[in-house]
Amino acid sequence: MLSNKEKMLIAEIWESLTPVAEEIGADALLRMFACFPGSKTYFSHLDISRGSPHLLSHGKKIVLALAEGSKDISQLTVTLAPLQIMHAYQLRIDPINFKLLSHCLLVALSCHMRDDFTAVAHAAMDKYLSAFAAVLAEKYR
Amino acid sequence: MVQWSESERTIINGIFSHLDYDDLGPKAFSRCLIVYPWTQRYFSSFGNLHNAEAIMGNANVAAHGIKVLHGLDLGLKHMDDIMGAYAELSSLHSEKLHVDPDNFKLLSDCITIVVAAKLGKAFTPETQAAFHKFLAVVVSALGKQYH
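Here the protein sequences line up with chains A and B, keeping their order. Going by full-length UniProt numbering, the first residue of the first sequence is number 1, and it counts up by one from there. Going by full-length UniProt numbering, the first residue of the second sequence is number 1, and it counts up by one from there.
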């Protein structure tokens with residue numbers, strides 16, 4: 001359950017990170033691949049090495065989607081409808097991986113924002129990422 | 001038995017040799033109570049945990065955070081038998097404290113995030129992977145004596 005204050009905080013954070021979307025997204029993905037090698041199986045068709053154009057563009061896509069969703073969290077199901085369909089019928093990524101990427105996004109944010117990633121910001125962001133992941137998996141079955 | 005590469009041992013020992021327990025212990029533990037409020041169920045004797053400010057200013061929380069972070073030293077000293085090293089603590093958490101072992105993972109995630117904030121860019125994906133592996137083995141060892 002996100003309070004209005006938390007929703008504003010989340011939107012603010014993603015707004016401030018949009019200029020470095022590529023950097024944050026790629027960093028989170030690299031962390032996930034390093035800690036949870038099983039997640040790499042979904043990327044066998046791409047070059048996911050550090051600095052690769054595939055990695056950067058994919059990372060950017062993910063962060064921009066998170067930023068877009070954060071602009072109106074109450075409308076997540078509407079905003080994410082196309083992505084819901086893609087993940088359910090085309091990508092079919094096991095939803096456990098959403099949790100793994102969410103954790104790595106939090107670590108990436110923590111490395112980037114340092115002390116500005118306060119406990120309150122962390123709590124709000126964790127809730128947002130959980131909600132985002134849940135909506136993404138809604139059409140799976 | 002868990003196998004550790006030389007690189008992993010170096011990374012893990014490196015993190016702990018520079019760790020400020022008095023700073024990160026309270027940060028990690030208070031973060032766990034704030035981000036996962038249901039974990040407060042085990043600490044009703046700690047006083048005021050009503051909101052983030054109260055938790056972060058609570059002396060009992062701070063002291064306990066330092067204690068718990070030092071609990072990782074056991075694993076560090078016995079990296080080749082982490083299961084054995086935590087057998088007693090595992091029984092304690094199961095039989096006396098009645099802590100749901102899922103909570104160990106929640107706290108270990110918070111420890112990772114506060115270490116990440118402290119180290120910044122130095123907390124590379126490779127560093128995170130080694131640290132994560134260490135914490136995962138400790139978490140597993142702490143859950144071993146539950147039956």
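For every residue, glycine included, the Cβ atom is placed at its ideal position computed from N, Cα and C.
When secondary structure is reduced to three states using DSSP, glycine 57(B) falls in the coil class, being assigned neither helix nor strand.
Here DSSP, grouped into helix, strand and coil, assigns arginine 9(B) to helix. At least one beta carbon of chain A lies nearer than 9 angstroms to the beta carbon of aspartate 109(B). Closer than 7 angstroms at the C-beta level to chain B, one finds these residues of the UniProt domain "Globin" (1 to 141) of chain A: Leu30, Arg31, Ala34, Cys35, His103, Leu106, Val107, Ser110, Cys111, Arg114, Asp115, Phe117, Ala119, Val120, His122, Ala123, Asp126.
Listed by position along chain A, the residues whose Cβ is nearer than 8 angstroms to that of proline 125(B) are Asp27, Leu30, Arg31, Phe33, Ala34, Cys35. Contact between glycine 75(B) and isoleucine 82(B) holds: their C-beta atoms lie close to 5 angstroms from each other, under 8 angstroms. Within the same chain, Cβ atoms closer than 7 angstroms to the Cβ of leucine 101(A) are found at Ala28, Met32, the five residues on either side in sequence being excluded. In the DSSP assignment, phenylalanine 43(B) falls outside any alpha helix (DSSP H) and carries neither an H nor an E. When the five nearest sequence neighbours on each side are left out, no beta carbon in the same chain lies closer than 6 angstroms to the beta carbon of glycine 51(A). In this structure, the beta-carbon distance from serine 30(B) to alanine 62(B) falls below 9 angstroms. Assigned with DSSP and collapsed to three states, serine 74(A) falls in helix. Assignment of arginine 114(A) by DSSP, reduced to helix, strand and coil, places it in the helix class.
Here DSSP, grouped into helix, strand and coil, assigns asparagine 103(B) to helix. The DSSP-derived three-state label of lysine 139(A) is coil. The region 45 to 65 of chain B and the region 22 to 36 of chain B touch, with no fewer than 3 CB-CB distances between them shorter than 8 angstroms. If you check the CB distance, isoleucine 48(A) and lysine 40(A) come in under 9 angstroms.
Restricting attention to Lys144(B), Val138(B), Leu49(B), Lys105(B), the CA atom closest to the CA of lysine 77(B) is found in Val138(B). The Cβ-Cβ distance between isoleucine 24(A) and leucine 91(A) does not fall below 9 angstroms. In this structure, the beta-carbon distance from leucine 105(A) to leucine 66(A) falls below 9 angstroms.
For valine 2(B), no alpha helix (DSSP H) segment is defined, and its DSSP state is neither H nor E. For phenylalanine 123(B), the closest of Leu69(B), Trp4(B), Leu19(B) by C-alpha to C-alpha distance is Leu19(B). In this structure, proline 95(A) places its C-beta atom within 9 angstroms of the C-beta atom of alanine 137(A). Leucine 97(B) is classed as exposed because its beta carbon has fewer than 16 other beta carbons within 10 Å across all chains shown. Cβ contact annotation for asparagine 103(B) (same chain, cutoff 6 angstroms, sequence separation greater than five): Thr39, in chain order.
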